[in-house]
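Remarks on the structure that follows.
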Amino acid sequence: MIKYLLVFVAIIGVAVMFYPLVEDFGRSTELHPLAQDYVSGSVTDLNMPNSVTAVVVTYRGLDTLGEVTVLFLATAGVGFLLSRKNRIVAVKRHGSEFLKTGASFLSPLIIIFGVYIFTHGHLSPGGGFQGGVVVASAILLMVLADLSFTFSHGLLHFSESLSGAVYVLLGLLGVILIGADSFLDPRYLPMGVYLSLFSSGAVPLIYSFIGIKVGAELSSIIDSLHEEGGD
Amino acid sequence: MLVLIGGILLVIIGIWAMLARKNIIRIVIGFSIVDTGIHLIIVAVGYIQNATAPIIDSAVPFEKTATDGIKLASKVVDPVPSALVLTAIVIGLAVTALLLSFTIRLFKVNGSLNIDDYEELKW
Amino acid sequence: MVNPLVIIAMFLGAVFLIALLDKIGRSLSMTLMFMVLTASCIMSVWQITQLFGNSGAATDYITAGFRAPLSIVLRFGFLEAILVLILNLLGMLGAIYLGKEFCEQGAKPIALYLTAILGATGLILTRDIFNTFVFLEILSIATYALIAIKQDKNSLAAGIKYMLAGGLSSSLFLVGVVFAYRFTGTLNIDVWLGMPQVPKAGYQVAVFLVAMGLFIELKPFPANGWALDLYQSAHSGLGAIISSVNTAALLYVFYKVIPLFSPTLLAVITGAGLASFILANLVALRQQNAKRLLGYSSTSQTGLIIFAMGAMLQLKVPSELSLMVVFGLLITNLLAKSGLFWLSGIMQSQGLKSWADLRHSGSPAVHFALFIIALAALPPFPAFFAKWQLVQLLGATKAWVWLAGLLLGSLLEIVYLFRWLGQVFSRENEPKPLYIDALKLVPLLGVSVLLVGLSLLLGRFHPELDISAIYPVLAFILIGALDFLPARLKGLLLIGITGYWAWFGLLPSLPLMGQVFVLILVGGSIAQIFGFMRYQRAAEGMFPSLALMVFAMGNLVVAGTKLEFFMAWELMTLGSYFLVLRGKNGRFPALSYMVFSSLGAYLLLAALAMIPNTFKGYPLLIQTAFIPMGEIAGLLALLAFLIKLGAVGLHYWLPGAYSEADDESSSILSSVLSKAGVFGLMLVLLMFLGKISGNSISMVSLGWIGVATAFFGALMAVFQEDAKRLLAYSSMSQMGYIIAGFSLMSHLGWVSAVYLAINHLLFKALIFMAMAGVFLRTGTRNMYEMGGLIKKMPIAFISVLMGIIAVSGVPPLSGFGSKWFIYTSLIEQGRVLQAALAFFSSAISFLYLYKLIHTVFLGQAKPQLSNVKEAPIWLIIPQAIFIMAIMAISVFPNLITKPLSLAVGDFIAKPEWLSWDGYNMVLASPWLKGNWNGNLVMLVTMGVFMTPLIWLILVNAKAQKVKQFNIVYAAERPYKPWTTHVAYNMFAHYDKALGFLVKPRITGFYNGVAEWTHSFASTLSRLYTGNGQTYLLHIFLYMIFLYSLLGVN
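Protein chains in written order, with the working numbering: chain A, 1 to 231; chain B, 10001 to 10123; chain C, 20001 to 21049.
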């Protein structure tokens, strides 16, 4: 009883604490100067229409590198926790014919869609993360449809490791080709024509590798959870 | 504004789930709800009235100004929170995934998901 | 200059590639890990050296080729480079410790571990608040995953609790960051720092959330249950990393953002830090599980560091100074805490008692002692200097409440740390053999070397310290390194170096009074070191502690700055603590000695913080006239020294400490060490010379304390069965006379006090050394088990006889002079009542002295003691020295009274009415007249003594010798035979008359305080129910509580 009372107090307290945030929120009608700089900078400096991508991949690229690392950590952590040698082999149940056919028809399309999303991240909404998730969702679909589906672990790990390393390398190329201040600067490749696929320097390249990395990581997590939770 | 309040409500609901539910899975779900609420809050923070997505393509014409900047024909929302929320989502996902794996292991080792069954360490 | 991005890229590249490399071979991935860690260490060192040459160089590094607020900025300045270096070094040592687990469990933990270090490094480097969040999550998630190195029920459950709490606090942080962006429009910390406070409640909440997110991650009391459970159950290697690397990185982030806090928030956080420090230490008192105890200690230390940061920011302390303090506290905690966690992994069980297994383990035991002493902020470790500086700052700004809280928390910390140390080193617990993996010793050695190295560097280059300040430590290390040598060799070496140092280093630089005290403290010790040489073998641990103590006592006299004095004081305490602990039943007495000494030390510390700094290179003795000491400071310092002297009411520790050490140590402690308190007392009174007269209320009260101590000490000595306890109380009683003498604030009073001090040294050491031989030969300390030893140990008898005559103040020996002095000076000042009580106490002391000599040496010899022989020569040498000294000053009292009068005359002018006429000392005060001719007295007494002696010898020639058992027992055998011994309950009749005065009220009081504190701690610890949800609730309630203190509207 006393515990519920305390929980109640805690929740009311949190609500009270958040109240000034709502009260002082107001409505913004203008961008912060910094945001303004990002929006115009993405066009003038990077020749990139999608300013969110400009922020994610270039201006705050270090965050994104960290983010990829976090994802890697999650994969490694889940794998480390669940991949014990003496795991119980799950009793496998096959999906229905209907599901299997549907899944095998849809999966390639979904993967292609995912690839499209991460290669066009600098032009339209989306990017490496979104694309990667879409790719992984295709894998998930296959897993759900046909439980006997197995991964090529080698390929998965290889693409995981390599895409991460290439991402770091692409960042370092900035330092090598442009200057010490230019880690993750994509401007060592030509800027290209505005609104075309091969524009904005190395951004599409970087985002593609992020896409591959994210897709591989998420698939790997699905793999780990799937094999563990098989019973 | 509405999104912000919705986000805060979600956070509070999530906190309630974390504090009052006994099943570890539900507590983890509570945590996810808190996370989602926070993501909504972040998005709400970046919103500008009557503005569109910050993608400067044919939908948002612009002209270059003398000071090496650009002048947009219509308002766009702040791209920074959108970028931040991406990171936040990924991190939330990572934590949730790990929490769930821990729960699975714990269930395998001990066969219970009730958080009250794990009070051996205390004082 | 190094671009820190290279470090980050290197780490990440390695992390991503390790999974691939590991397929080729485990050793390859391990090598890569160590290479990366080494490389980042090298880069940090390189950066540090570069910045040394060019301190103005730009240290901010932008990314992506864009200017500051647009892109994320990293800073790799001096501070950052040092921290990165330390974290990576710790990371490397931690990796060595975890080597076995890595080898067995594969690439994933290696990659996770490396990423955790990367996260910490990133947290140090980044100047962007959101980037901080990202690195924070990298660090946290890597830590979460590493918990799985050990997958048992408790570890996994603790992992879930830990993740939920950690996830929650980082969510709070994130919300705070986003709203802060909303209000300020920036994510760059430096830009944010440059902005004024936004006058909106929402902004305050945002900053509060940022602060809370970090603060909760730092595990403040009471919102830290989740962390405690993890520390207790997780792999020790991981505990070490969490408590050191994670904490350090988070604290640095906290340091970066703390200037953003509004004054109220700063006050709230500072207070919360202090509360966390005190309460976590309090709860730790009851903890029996070593790893959980370390968890509490971690919380308290973090609280202390946060408190220090906040307090110094509020007091507007220059940032270099506050950095020094924070850094000193942090580095000590990092190294010592990780070392202790690593040690806990070596132990088979985590019960504190079972840690006694460490005792015979060789180097781990030394590491352990080192870590504990470092954590307790004792010299020479960095935390000592940091705490010193912090207290000075708090004192200078008159922040008394904070100062009191800080000292209270520190005292609690001392209790549990030294209780633990006692469990390991006392001879009460029997150790079991311990299997130790040699590889796990490498990191321990690493942190120890770092700690000691840093300490010596700090001691050497500290602006307030002379090089001599670290001599005690060097002597300790030197003798400690030679500890395997036989005792005699070490004793000779020690006598050699202390003698050399005292003669050439100390004496020339001191005024006469200083020389007198060097003679007492160092000379008195040297004479007794001979006694320590009786041991056949190495007597491990004894000589290093002795060296530490003796050198520290010497330093006490020459100390010029306040810090030198305090450092010497603490080192002296430490050395003597080890001597007490070494005794057979020394565990509890040593602990209470340490706790009371620390209480005294903290009072002294507070007092020193209230006076301005003193000058280096001039002994405090000649500076006292220029030191303006306030009354409160004086009172505190006085109290501190009264504790050391064992004044009545503050003597709880005294009987145990003086009686339970090894016999020679007891001798040196009660005869020499107590004089350090006398020296301190004199210094304090010197500062009040001319301001407070001997007739003032305060000095008269001090006089009463003195005579009361003399009276009660003597009375308690009377009722002891144990000879050592008797002598211990006798020492207490003698200190009482000395206090009374000083309280007179007059020439004659002071001369008599110092004279008493010297005299006490001589006879107490003499009796103790003689009794040491008796205890050694008889194997007991109970007087009723001895008797008739006069024939077996005649030299001991003569020594004790001489000593007793010297104590009791009968002519002809020196004691008469000292007592005569004290009575005359008391009466001369008109304190007749005090003189009467002092006189009465002397009468009581006859009783116990009679008991001592009668029951031990006279009477019938016990059959079981029939093959007792004289003590070894090593115990007789000091006796001979002291007998000669006593004889000398008894026959020629001018040898001592004249120099003492000169020495005191430097401070209080000699009155006209005191003069010498040949061997005759003449008093012609308006109130009192008298004279004393020691030489004549001696001659007369000798004559009086010799005549009957010769007559007796002549008469005795005809006496009939009777065999001891030439009697027949009548009736039955007594049930408890020893109760029939004359010495047993010898003064029962006095007990009936005066016994009510010595009921253990004081002891009862302190025991009550201890019990009450412990049960309070026990109640508090019930907060930690072990339920993960309750822990979350704690976090919320704690946060709401702090929020309500903040008063946002």
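For glycine and all other residues, C-beta sits at the position ideal for the given N, C-alpha and C.
No experiment lies behind these values; they were computed from the predicted model shown.
Contact under 9 Å by Cβ, residue i with residue j
| i | j | result |
| --- | --- | --- |
| B/ILE10029 | A/VAL39 | no |
| C/PHE20511 | C/ASP20906 | A small fix is needed here, since residue 20511 of chain C is Pro in this sequence, not Phe. Cβ distance < 9 Å, so C/PRO20511 and C/ASP20906 count as in contact. |
| C/LEU20604 | C/PHE20566 | yes |
| C/LEU21052 | C/MET20699 | As shown, chain C starts at 20001 and ends at 21049. That puts residue 21052 of chain C outside it, with no answer to give. |
| C/LEU20762 | C/PHE20641 | no |
| C/GLY20749 | C/GLY20694 | yes |
| C/GLU20428 | C/LYS20584 | yes |
| C/MET21039 | A/GLY13 | yes |
| A/GLY211 | A/GLY154 | no |
| C/VAL20774 | C/ALA20708 | no |
| C/LEU20285 | C/TYR20144 | no |
| A/ILE206 | A/GLY61 | yes |
| C/GLY20817 | C/GLY20934 | yes |
| C/ILE20529 | C/LEU20494 | yes |
| C/ASP20483 | C/PHE20385 | no |
Rounded Cβ spacing between residue i and residue j (contact assumed at less than 8 Å)
| i | j | result |
| --- | --- | --- |
| C/ALA20369 | C/LEU20421 | 6 Å |
| A/LEU71 | A/VAL166 | The Cβ separation is near 15 Å, so there is no contact. |
| A/GLU160 | A/SER220 | 6 Å |
| C/GLN20860 | C/ALA20770 | Actually they do not touch by this definition, with Cβ atoms about 20 Å apart. |
| C/LEU20174 | C/ARG20127 | With 8 Å as the limit, C/LEU20174 and C/ARG20127 do not qualify as a contact, their Cβ atoms being about 18 Å apart. |
CA nearest to the CA of residue i, picked from the options
| i | options | result |
| --- | --- | --- |
| A/THR53 | B/ILE10008, B/ARG10021, B/ASP10078 | B/ASP10078 |
| C/PHE20504 | C/MET20513, C/GLY20491, C/VAL20518 | C/VAL20518 |
| B/PHE10102 | C/LYS20724, C/ALA20871, C/ASP20152, C/PHE20078 | C/ASP20152 |
| C/GLY20303 | C/ASP20229, C/LYS20398, C/GLY20273, C/ILE20331 | C/GLY20273 |
| C/ALA20438 | C/ASN20224, C/LEU20837, C/SER20361, C/ILE20876 | C/SER20361 |
| C/LYS20440 | C/GLY20094, C/ALA20625, C/MET20921, C/PHE20892 | C/GLY20094 |
| A/SER199 | A/SER42, A/GLY164, A/GLY179, A/VAL143 | A/SER42 |
| C/PHE20418 | C/MET20594, C/ASN20281, C/ALA20248, C/ALA20284 | C/MET20594 |
| A/THR101 | A/GLY121, A/SER196, A/ILE2, A/LEU144 | A/LEU144 |
| B/VAL10043 | B/LEU10004, B/LYS10108, B/TRP10123 | B/LEU10004 |
| A/PHE80 | C/VAL20550, C/THR20031, C/PHE20102, C/PHE20996 | C/PHE20102 |
| C/ALA20356 | C/LYS20432, C/SER20300, C/LEU20756 | C/LYS20432 |
| C/TYR20231 | C/GLU20564, C/SER20597, C/LEU20340 | C/LEU20340 |
| C/PHE20034 | C/PHE20016, C/GLY20091, C/PRO20004 | C/GLY20091 |
| A/TYR59 | B/LYS10108, B/ILE10008, B/LEU10084, B/ASP10117 | B/LEU10084 |
Buried versus exposed, by CB contacts within 10 Å (16 or more), residue i
| i | result |
| --- | --- |
| C/GLN21029 | buried |
| C/ALA20404 | exposed |
| B/GLY10092 | buried |
| C/TYR20252 | buried |
| A/ILE176 | exposed |
| B/LEU10049 | One point to set straight first is that residue 10049 of chain B is Gln, not Leu, in the sequence displayed. That one is exposed. |
| C/GLN20423 | buried |
| C/ARG20587 | buried |
Residues bridged to residue i [DSSP beta-bridge criterion]
| i | result |
| --- | --- |
| C/SER20915 | C/VAL20922 |
| B/ILE10070 | B/LYS10064 |
| C/TRP20402 | According to DSSP, C/TRP20402 bridges with nothing at all. |
| C/TRP20932 | C/MET20921 |
| B/THR10052 | B/VAL10076 |
| C/ILE20062 | C/VAL20073 |
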